[in-house]
Amino acid sequence: MSHKKTLLSVSLLIFLGALEKTIVTTPLPVIGTELNAMNDIAWVVTAYLLTATSVIPICGKLSDLFGRLKVIIVSLGIFSIGSLLCALANDMQSLILVRALQGVGGGALISLAFVVISDVIPAREIGRYQGYISAIYVVSNIAGPVFGSLLTEHLSWRWIFAINIPLALLAAFIAIRSIKDKVVKREDRFNWGGSLLLVSSTTLLILLLSEDLSLPHAFSLVGALFIAGAWTYLLTDKKRSVVPRHLFKLPNYAACILTMGVCQILMTAALIYFPLQMQVQNGVSLTLSGYSMLLFTLGVCVSAYFSGKHIAATGVYKTHILVGFILIAVAFFLMLMKIAFVSLFPIIGLGIGFTLPGVTCAVQNVLPAADRGVGISFFGYVRELSGAAGVVVCSSLYRDGGSLQAAYSAFGVIYLAMCLFASLAFIIVAGFITEKELMTQVAE
13 MSHKKTLLSV SLLIFLGALE KTIVTTPLPV IGTELNAMND IAWVVTAYLL
63 TATSVIPICG KLSDLFGRLK VIIVSLGIFS IGSLLCALAN DMQSLILVRA
113 LQGVGGGALI SLAFVVISDV IPAREIGRYQ GYISAIYVVS NIAGPVFGSL
163 LTEHLSWRWI FAINIPLALL AAFIAIRSIK DKVVKREDRF NWGGSLLLVS
213 STTLLILLLS EDLSLPHAFS LVGALFIAGA WTYLLTDKKR SVVPRHLFKL
263 PNYAACILTM GVCQILMTAA LIYFPLQMQV QNGVSLTLSG YSMLLFTLGV
313 CVSAYFSGKH IAATGVYKTH ILVGFILIAV AFFLMLMKIA FVSLFPIIGL
363 GIGFTLPGVT CAVQNVLPAA DRGVGISFFG YVRELSGAAG VVVCSSLYRD
413 GGSLQAAYSA FGVIYLAMCL FASLAFIIVA GFITEKELMT QVAE
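To convert a position in the sequence shown, counted from 1, into the numbering used here, add 12.
This is the structure:
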C-alpha cells in the first residue's frame, strides 16, 4: 500500500471531520435569523460535538471487528446524508437533529484516519508524517470560520453543509483505492449495551461542560450522578468493557493519555485567549488577531516536522516531549510576566509541535495489533474530550469583572494555570514515560 495514497486519503478524512466542527461558527447569526431561532443557535455547534466525540472510542472497536474500510465507507455515508439534510433543513429543531447525525459520521472519520495511519506506518516512522497530519488537523479547525463566512457571504449558509457531499464522495473513492480492509480476527463480540452507556455518559458530560447552554441545576445534578455511575460500571465491568482497561496496564499508555489530555487543554487555552487578549489589551482588530493563528499553526507544523524526522532517525522521543512542555511552560510564564507577549504565541505552537510526534510514537509503539483500533481511538477520544474540558477550565478562571484592569488580571490567572499544567505534564513525562525502542515494522 502506498504511504502517499494512504496519507492523501486520511488527510481528506481528517479535513472533513475537523472542518465541520468550526465552519458553522461564523454563519450562526445568519442561520439563527433565517430560521427564527436565535436562542437555540449554540445547539448547532454542540449537537455536532456531542455525537462526534461520543462515537470515537466505539468506531475504533468496530473497525477492529469488521474492518477499517467498511466502517470508513459507512461513516462517510452517514456524514454525507447528515450534510445533505443540514443543507435542506427549514427549521432549527431539524437542523440540530441532523447536525447530530452528521457528527456521528464526522467523529468516526477523524478517529479512523488515525487508526489507518497506525496500520501502515510503524511507530518509528509515524513521527516523520506527524507534521503533515498535525497541519491538516490544526488548519482545518482554524480555517473553518473563514470558509464558513466566505460561503455564507457569497452563496448561502446551506453551502457550508452541501460542499461536504462531493468531498465525501471523493474521499470514498480515494479510500477504496488506497486502504486495505484490515480485520483483526478475534472472538470478541461488540458490546452494544456498554457502547450505548459510554455514548450517553459522554453526551451528558459534554452537555454539562457547555457553558453556552443554560441547563437546570436539577438536570446537572442528575446528569453528574449518571456519569459517575456509568463510568464506575464501565471501569469495573470485567466481561466485555468498551473502555480498554487492559491497555492501561501497558507501559506508557496511561501516561501518554494524560499527557495528550493536558496538551489539548494547553492548546485550547492558547487558541482562545491569546487572540482575545490581543483585541482587549492591545486593541488589535479581529482580522489581525486571526492572523496570529497562522503563526501558531506554523509553529506547530515546523516543530512537528523536524521533531518527527529526528525521532525517525534516532528513535529518541521522550526528550522531544520534555522539550515541548518546557517551551510551553516558559512561554506561558513570560506571558504572565508580560514579556515579549506577541512573539510568544508561535513558541507555544513550537512546544505543541514537539510533543505531538513523541506522544503518538509512544502510544503506537505499545499497542498490540488486536487492540490498535480501540487503543488509538480511545487516545483520540481523550484528546477531543480534553478540548471541551479546556474551554470550561479557562472559562471558570476568566472573570473580567467588566473592567479592563480586571480583564488583564484574568488573563494572568489563565496563563499561570497553563504554566502549572505544562509543568505537571513535564513531571508526568519525566517520571512515568519510559523510553523504549521504537518498532520499525507495523505489528501484525
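Just so it is clear, CB atoms sit at the ideal spot from N, CA and C, and this is done for glycine as well.
{"Item": "Along the chain, where does the alpha helix (DSSP H) containing residue 349 start, and where does it finish?", "Value": "Per DSSP, residue 349 belongs to no alpha helix (DSSP H) and is neither H nor E."}
{"Item": "Taking residue 6 and residue 401 to be in contact with their CB atoms under 8 Å, please state how far apart those CB atoms are, rounded to whole angstroms.", "Value": "Because residue 6 is not part of the residues shown, which for the chain are 13 to 456, the question remains open."}
{"Item": "Given a threshold of 16 other Cβ atoms within 10 Å of its Cβ, counted over all protein chains shown, does residue 67 qualify as buried or as exposed?", "Value": "buried"}
{"Item": "Of the choices 336, 34, 187, 38, whose alpha-carbon is the least far from that of residue 436?", "Value": "336"}
{"Item": "Please list, in chain order, all residues of the same chain as residue 101 whose beta carbon is under 7 Å from its beta carbon, the five residues on each side excluded.", "Value": "107, 110"}
{"Item": "Assign residue 313 to one of two classes, buried (16 or more other C-beta atoms within 10 Å of its C-beta) or exposed (fewer than that).", "Value": "buried"}
{"Item": "With three or more beta-carbon pairs closer than 8 Å as the criterion, would you say the segment 325-340 touches the segment 164-176?", "Value": "no"}
{"Item": "Counting only runs that start and end within the segment 70-123, where is the alpha helix (DSSP H) found for 4 or more residues in a row?", "Value": "80-100"}
{"Item": "Excluding sequence positions up to five away, which residues of its chain have a Cβ less than 7 Å from the Cβ of residue 446?", "Value": "263, 264"}
{"Item": "Report all residues from its chain with a CB closer than 7 Å to the CB of residue 266; omit the five preceding and five following residues, and keep chain order.", "Value": "260"}
{"Item": "In terms of residues, what are the limits of the alpha helix (DSSP H) holding residue 187?", "Value": "176-190"}
{"Item": "Give every residue of the same chain whose Cβ lies closer than 6 Å to the Cβ of residue 139, excluding the five residues on either side of it in the sequence, and list them in chain order.", "Value": "320, 323, 324, 369, 373"}
{"Item": "Under the rule that 16 or more other beta-carbon atoms within 10 Å means buried, what is residue 21, buried or exposed?", "Value": "buried"}
{"Item": "What do you get for residue 258, buried or exposed, if any count of 16 or more other CB atoms within 10 angstroms of its CB means buried?", "Value": "exposed"}
{"Item": "Three or more beta-carbon pairs under 8 Å between the segment 338-350 and the segment 386-398, yes or no?", "Value": "no"}
{"Item": "Identify which residue in 379, 145, 146, 105 has its Cα closest to the Cα of residue 55.", "Value": "105"}
{"Item": "Could you compute how far the alpha carbon of residue 6 sits from the alpha carbon of residue 27?", "Value": "Given a span of 13 to 456 for the chain in the structure shown, any question on residue 6 remains unanswerable."}
{"Item": "On the criterion of 16 or more Cβ atoms from any shown chain inside 10 Å, does residue 137 qualify as buried, or is it exposed?", "Value": "buried"}
{"Item": "Assuming residue 153 contacts residue 30 under a Cβ cut-off of 8 Å, what Cβ separation, rounded to an integer in Å, is found between them?", "Value": "5 Å"}
{"Item": "Quick check on the burial criterion: 16 or more other C-beta atoms within 10 angstroms. Buried or exposed for residue 286?", "Value": "buried"}
{"Item": "How many angstroms separate the CA atom of residue 421 from the CA atom of residue 175?", "Value": "43 Å"}
{"Item": "Mind listing, in chain order, the continuous alpha helix (DSSP H) runs of no fewer than 4 residues lying wholly within the segment 373-448?", "Value": "384-409, 416-444"}
{"Item": "First and last residue of the alpha helix (DSSP H) that includes residue 49?", "Value": "Here residue 49 belongs to no alpha helix (DSSP H), and DSSP marks it neither H nor E."}
{"Item": "Skipping 5 residues on each side, what residues in its chain have a beta carbon closer than 8 Å to that of residue 172?", "Value": "35, 36, 39, 159, 160, 163, 164"}
{"Item": "Buried or exposed: where does residue 459 fall if 16 or more other Cβ atoms within 10 Å of its Cβ makes it buried?", "Value": "Only positions 13 to 456 of the chain appear in this structure, which leaves residue 459 out of reach."}
{"Item": "Classify residue 134 as helix, strand or coil using the three-state DSSP reduction.", "Value": "coil"}
{"Item": "State the start and end residues of the unbroken alpha helix (DSSP H) segment that holds residue 61.", "Value": "54-66"}
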